[in-house]
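Residue numbers (this note's numbering): 255 to 369.
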């Protein structure tokens, strides 16, 4: 049902390694942290970016959102490079195909998709 990742900057590594499992088992919700520890993985020197990770999650059926002060902001399908600001935030990703999740998100989504 839920995968919650809080690995002090290793969140993108964990999510990328779990993509096949997430696709196969259709985990309904993925929650992870985004922050300045993402800038580079010291073991591989890879630069992790939020847009790249959410694009991979979108490719297996997820929509991702960041919390705002009064609801959620959709970042799937509309991410811009300038949003890679490397400050702390949580990211919520939900299976796009689940009607009950879409109904729940619709009440919180501040993006223009539901306007």
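All C-beta atoms in this analysis are idealised placements derived from N, C-alpha and C, irrespective of residue type, glycine included.
Got a sec? Which residues, its chain only, sit under 6 Å from residue 346 by beta carbon, not counting five neighbours each side?
-> Take residue 346, set aside five residues on each side of it, and the residues of its chain with a beta-carbon closer than 6 Å to its own are 285 and 319, in chain order.
Length of the line joining the Cα atoms of residue 258 and residue 282 | Rounded to whole angstroms, residue 258 to residue 282 spans 11 Å at the Cα level.
Once you ignore the five residues that flank residue 294 on each side, which residues in its own chain have a CB closer than 8 Å to its CB?
-> Within its own chain, the residues whose Cβ lies closer than 8 Å to the Cβ of residue 294, once the five positions on either side in sequence are excluded, are 300, 301 and 302, listed in chain order.
Ends of the alpha helix (DSSP H) at residue 359?
-> Where residue 359 is concerned, the enclosing alpha helix (DSSP H) starts and stops at 353-360.
Among 311, 353, 264 and 360, the one whose alpha carbon lies nearest that of residue 326 = Per the Cα distances, 360.
Residue 270 - containing alpha helix (DSSP H), residue span = Residue range 265-279 is occupied by the alpha helix (DSSP H) that includes residue 270.
Who does residue 344 pair with in a DSSP beta bridge?
-> Answer by DSSP bridge pairing, in chain order: 287.
Could you give the DSSP three-state label for residue 369: helix, strand or coil?
-> The predicted model places residue 369 with a pLDDT of 44, which falls under 50 and marks its position as unreliable; any figure quoted below should be read in that light. Three-state DSSP puts residue 369 in coil, outside helix and strand.
Starting from residue 207, follow its DSSP beta bridges and name the residues at the other end.
-> Given a span of 255 to 369 for the chain in the structure shown, any question on residue 207 remains unanswerable.
Residue closest to residue 277, alpha-carbon to alpha-carbon, out of 314, 310, 260 and 304 | For the residues 314, 310, 260 and 304, the minimum Cα distance to residue 277 belongs to 314.
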